[in-house]
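Engineer:
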Amino acid sequence: KTSLKVNDFLTLANIPPQVFDYKLGNRSALDWVIDQYQIKTDPRSGITNDPNNLDDETYILRLIKQVITVSLETVAIVSNLPPLEIIEP
14 KTSLKVNDFL TLANIPPQVF DYKLGNRSAL DWVIDQYQIK TDPRSGITND PNNLDDETYI
74 LRLIKQVITV SLETVAIVSN LPPLEIIEP
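Sequential numbering of the sequence shown, starting at 14, is according to the working numbering.
1) Pick helix, strand or coil for K14, following the three-state DSSP scheme.
2) Where Q107 and E98 are concerned, what is the direct C-alpha to C-alpha distance, given to the nearest angstrom?
3) If we call anything under 8 Å between Cβ atoms a contact, is I77 one with L37?
4) Please classify T61: does DSSP put it in a helix, a strand, or coil?
5) Can you give the Cα-Cα distance for I60 and L23, rounded to whole angstroms?
Now the structure itself:
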């Protein structure tokens, strides 16, 4: 996954693969955001949740960029940590 289609007229390309190394549970942070911000229709009520219908049209793009930045920075910090030393009493 090196690109992400945001909508019909915007695709983000060249996403570094290290972004997907930062996990929240069993999914990467970016995968979590992608899942939460999809157009979904509730089968019982018929109500459609469309994150593209926001007052701030750049919100999702900014959120994705922030998640990518935080993911890359976190992976870099964690990879430079020394090994955990457990001292038993």
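Beta carbons are placed, not taken as given, at the ideal position from N, Cα and C, and that holds for glycine.
Structural biologist: The short version:
1) Here K14 sits in coil by DSSP.
2) A question about residue 107 goes unanswered here, because the residues of the chain that appear run from 14 up to 102.
3) It is not a contact, given that the beta carbons lie outside the stated cut-off.
4) Strand, per DSSP.
5) The straight-line gap from Cα to Cα measures roughly 25 Å.
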